[in-house]
Amino acid sequence: MNFKILICDDEKNIRQGLSAALEMEGYETVLAENGKVAIERISKGDIDLVITDLRMPEVTGEQVLEKVSSETPGVPVIILTGHGSIDSAVDAMRNGAYDFLTKPFNLDQLTMIVKRALQGRELSLQHRQLKEELHSSKAFESIIGKSSEMQKVFDMIRRVADSKASVLITGESGVGKELIAHAIHNLSSRKDKPMINVHCAALSKDLLESELFGHEKGAFTGAITRKRGRFELANTGTIFLDEIGEIDQNTQIKLLRVLQERQFERVGGEETVTVDVRVVSATNRDLQKEIEKGTFREDLFYRLNVVHIHIPPLRERKEDIPLLIAHFLKESCEENNKKIEGLDNKVRSILYNYDWPGNIRQLKNCIESCVVMAQSNVITLDDLPPGINPTGDADSIKIPFGIPLAEAEKILIEQNLAFNSGNKSKTADVLQIGRKTLHRKIEEYGIEG
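Sequential numbering from 206 applies to the sequence shown in the numbering used here.
Dropping the structure here:
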């Protein structure tokens, strides 16, 4: 790691001598001739260690230390002081300085202290990175998918999460739009603040306005007290507006003002409420068509659609089905106190080839039904809920028209592996290819073997 060290001393010879010695050790140095210049440089935030004289005119070493402690905690500060200021240097240690040296100092001793301090700094940075990576993985743990389509979604979430931009999530019913919204919040700097969910389609026009913006006492029949709305409750956090395409024109106007000005009035009130809220919304409707029909405001759409994340339906990412089945099977067995070892090969083939119009929600319900109805430790055709395979053939593979040859080959390998319960030797025999070739293609296509 290439460390950058700030050297602050009002004596030019000391600054330049220290710089030359530390650069010979492989460090990058930045020089400041007084405390004011040092503080300005520290504000840029790319300094890994500070060496500062204690006694300087105007801005002292203590003030430089205070600046580092408040703005860049974790950056070590080494104090240089004369013999008459040792008590002040000890006070500086109590206030967070890493170490101090009296002038004239031994360069070898200083270099050793610098090395030790930066080793601690590196460990601290590595620990912080590990914590961030762990938090990131936890944010995604409820979203299951390894397909290239879902990897693109994960990348979008990471890129947009810590911005203030409004996000519009689209996709068919049951694809998991709410999980995406929660991942965005959990990866943002607002993760420790509230996240408030509002299902717009579940509320009538009058109730929705009151729920979003609150109301004053006496605003309507039954309003016996003042009530804070969801936007107030989400202040400094995130609000998730699910099924945003269902809101009426009047509420759209008020919502547009909140997005533009971060202000609104409660129903029946005159007081203007100001909030700092990040807005994430979702819909299974085509809002562009709703705009053409005149049911959705174009200006509101552009405010909501600063960043657009589309979640593909399950039928377009079938390689995620095995992971989802395994997850829901485990979850359903735990919830229903059942012990199911797996799926019959014909059932597995049916589930992989089914188009799942209800997407993940439908698959989850199907697996739970199978677990509840299963009479043995393996789910069979008799356990499938009605309608899952009304006309299908459990011994066939469905390859859609218009896909590339490589994608068709991937489906063929994946489905045969599933039908043969992951047995690679048997799958290679069925496909009439060598086992090494099968292993290579499994790796090439990223297939769970």
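The beta-carbon is built from N, C-alpha and C at its ideal position, and this holds for glycine as well. As the structure is a prediction and not an experimental result, all values here were calculated from the model.
Let me confirm a value: residue i is counted as buried when at least 16 other C-beta atoms fall within 10 Å, else exposed. Which label applies?
{"i": "R645", "result": "exposed"}
{"i": "V577", "result": "exposed"}
{"i": "D360", "result": "exposed"}
{"i": "A406", "result": "exposed"}
{"i": "I608", "result": "exposed"}
{"i": "A633", "result": "buried"}
{"i": "S266", "result": "Per the sequence shown, the amino acid found at residue 266 is Gly instead of Ser. Buried."}
{"i": "S415", "result": "buried"}
{"i": "R364", "result": "exposed"}
{"i": "P281", "result": "buried"}
{"i": "R321", "result": "exposed"}
{"i": "D588", "result": "buried"}
{"i": "S554", "result": "buried"}
{"i": "L610", "result": "exposed"}
{"i": "L328", "result": "exposed"}
Can you tell me the Cα-Cα spacing of residue i and residue j, whole angstroms?
{"i": "K313", "j": "V319", "result": "With the sequence shown as reference, residue 313 is identified as Asp, and Lys is not the correct amino acid for it. For D313 and V319, the distance between alpha carbons rounds to 10 Å."}
{"i": "G597", "j": "V472", "result": "Caution applies to G597, whose pLDDT of 48 falls short of 50 and renders its modelled position unreliable; the value that the coordinates give is listed next. In a straight line, the C-alpha of G597 is about 54 Å away from that of V472."}
{"i": "E497", "j": "D453", "result": "15 Å"}
{"i": "E228", "j": "D397", "result": "42 Å"}
{"i": "T585", "j": "N621", "result": "18 Å"}
{"i": "T375", "j": "W561", "result": "18 Å"}
{"i": "S224", "j": "D253", "result": "15 Å"}
{"i": "A487", "j": "V380", "result": "11 Å"}
{"i": "F533", "j": "I247", "result": "51 Å"}
{"i": "A613", "j": "K535", "result": "30 Å"}
{"i": "L461", "j": "N300", "result": "49 Å"}
{"i": "G222", "j": "F310", "result": "12 Å"}
{"i": "I593", "j": "L556", "result": "8 Å"}
{"i": "D693", "j": "L392", "result": "One cannot answer for residue 693 here, as it falls past the ends of the chain, which runs 206 to 654."}
{"i": "E619", "j": "L446", "result": "38 Å"}
{"i": "K382", "j": "Q468", "result": "27 Å"}
{"i": "G427", "j": "L412", "result": "12 Å"}
{"i": "E276", "j": "L330", "result": "16 Å"}
{"i": "L259", "j": "L285", "result": "6 Å"}
{"i": "N510", "j": "F501", "result": "13 Å"}
{"i": "T316", "j": "A243", "result": "21 Å"}
{"i": "S371", "j": "H390", "result": "12 Å"}
{"i": "K410", "j": "T456", "result": "8 Å"}
{"i": "R640", "j": "K629", "result": "7 Å"}
{"i": "I635", "j": "R395", "result": "In the sequence as presented, Ile is not what sits at residue 635; that position holds Val. C-alpha separation (whole angstroms): 53 Å."}
{"i": "K569", "j": "T430", "result": "42 Å"}
{"i": "I572", "j": "V485", "result": "30 Å"}
Among the candidates the options, whose CA atom is the shortest distance from the CA of residue i?
{"i": "E263", "options": "D215, L306, S224", "result": "D215"}
{"i": "N541", "options": "S574, L259, A407", "result": "S574"}
{"i": "G240", "options": "E233, V273, G381", "result": "V273"}
{"i": "E476", "options": "R508, L373, G250, R433", "result": "R433"}
{"i": "V235", "options": "F208, G627, F305", "result": "F208"}
{"i": "F655", "options": "I449, V463, E451", "result": "Outside the shown range of the chain (206 to 654) lies residue 655, about which nothing can therefore be said."}
{"i": "G325", "options": "I389, M355, I458, P278", "result": "P278"}
{"i": "F305", "options": "T257, D491, S581", "result": "T257"}
{"i": "F506", "options": "S537, I291, G450", "result": "G450"}
{"i": "G627", "options": "I652, L610, D251, A611", "result": "I652"}
Where does residue i fall in DSSP's three states?
{"i": "S275", "result": "helix"}
{"i": "N625", "result": "coil"}
{"i": "P595", "result": "Residue confidence for P595 is low, a pLDDT of 49 falling below 50, so the modelled location carries little weight; the figure read from the coordinates is stated next. Correct three-state label for P595: coil."}
{"i": "D214", "result": "coil"}
{"i": "K535", "result": "helix"}
{"i": "A579", "result": "coil"}
{"i": "Q468", "result": "strand"}
{"i": "G473", "result": "coil"}
{"i": "G427", "result": "coil"}
{"i": "S341", "result": "Legend: pLDDT at S341 = 49, less than 50; position of this residue unreliable, value from coordinates given subsequently. If DSSP states are grouped into helix, strand and coil, S341 belongs with the helices."}
{"i": "A302", "result": "coil"}
{"i": "M355", "result": "helix"}
{"i": "E649", "result": "helix"}
{"i": "F418", "result": "helix"}
{"i": "F445", "result": "strand"}
{"i": "K543", "result": "coil"}
{"i": "I638", "result": "coil"}
{"i": "D313", "result": "helix"}
{"i": "E263", "result": "coil"}
{"i": "K410", "result": "helix"}
{"i": "P294", "result": "The sequence given here has Ala at residue 294, not Pro. In the structure shown, A294 sits in a helix (DSSP, three-state: H, G or I)."}
{"i": "D453", "result": "coil"}
{"i": "L319", "result": "The sequence shown places Val at residue 319, rather than the Leu named in the question. Note: V319 maps to helix in three-state DSSP."}
{"i": "N402", "result": "strand"}
{"i": "S393", "result": "coil"}
{"i": "G363", "result": "Reading off the sequence shown, one finds Arg at residue 363, where the question assumed Gly. Helix at R363."}
*Do the stretch 525-534 and the stretch 472-486 touch if we need at least three Cβ pairs shorter than 8 Å?*
no
*With a cut-off of 8 Å, do at least 3 Cβ pairs link the stretch 497-516 to the stretch 420-427?*
no
_Any 3 or more C-beta pairs closer than 8 Å across the stretch 383-402 and the stretch 439-447_ = Under the 8 Å Cβ criterion, the stretch 383-402 counts as touching the stretch 439-447, having at least three qualifying pairs.
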